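In my numbering, the protein residues as written are 10 to 157.
A virtual CB, placed ideally from N, CA and C, is assigned to each residue, including glycine.
These numbers come from a predicted model, not from an experiment.
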Amino acid sequence: MEMTTDGNVTWLPLRPEAEVHSSAATTARAVFEVTTLLAFFGLSVVGNILVCIVIHRSRRLQSTTNYFVVSLAAADLLLSVVVMPFALTQELSEIGLAVQFWPPASTCKFIRFCQQLVPASTSFVFVAISVDRFYAVVHRVRASMLQS
């Protein structure tokens, strides 16, 4: 990463093939990667919002386990909104498109922090779901008393 004088951030290519833009294979690969990132972004945002809405509206689905699912959907939604746009911006920059990185340079450290924190939060939700399911299976009577 390189900072410019106006406070914007310029991404430097990480891969050696990003420096050679004349190859049709490199261009096709870049188009495929950008299209895939955009598809994952759209599907992730729509799918996770739908999960949250369905569990919120259905009284029958409001249980401890499904609240963990909502928590996981929220963590994945945060991943889609916080991490994916910056990955897409970096990918576009690596293939040679002039992309202005919109946040100021002072937020660089915060963005990197979020890029590490958000996937970790997803892992912590999986751990919480595992512990909940463990108690539900091993200690059935005590788990049903804890839920009520």
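Rounded to whole angstroms, the separation of the alpha carbons of His65 and Tyr76 is 9 Å.
Within the same chain, Val78, Val79, Ala82 come within 8 Å of Val60 by CB-CB distance, once the 5 residues on both sides are set aside.
One alpha carbon belongs to Ala37, the other to Ala145, and they sit about 50 Å apart.
The shortest CA-to-CA distance from Leu86 to any of Cys117, Gly51, Gly105 is the one to Gly51. Within the same chain, Cys123, Val127 come within 7 Å of Val91 by CB-CB distance, once the 5 residues on both sides are set aside.
Close CB contacts of Leu70 within its chain, under the 8 Å cut and outside five residues either way in sequence, are with Val63, Ile64 (chain order). Annotation note: the stretch 54-104 contains the following uninterrupted alpha helix (DSSP H) runs of length 4 or greater, listed N- to C-terminal: 73-87, 93-103.
By the criterion of a C-beta distance shorter than 6 Å, Ser130 is surrounded in its chain by Ala84, once the five residues flanking it on both sides are discounted.
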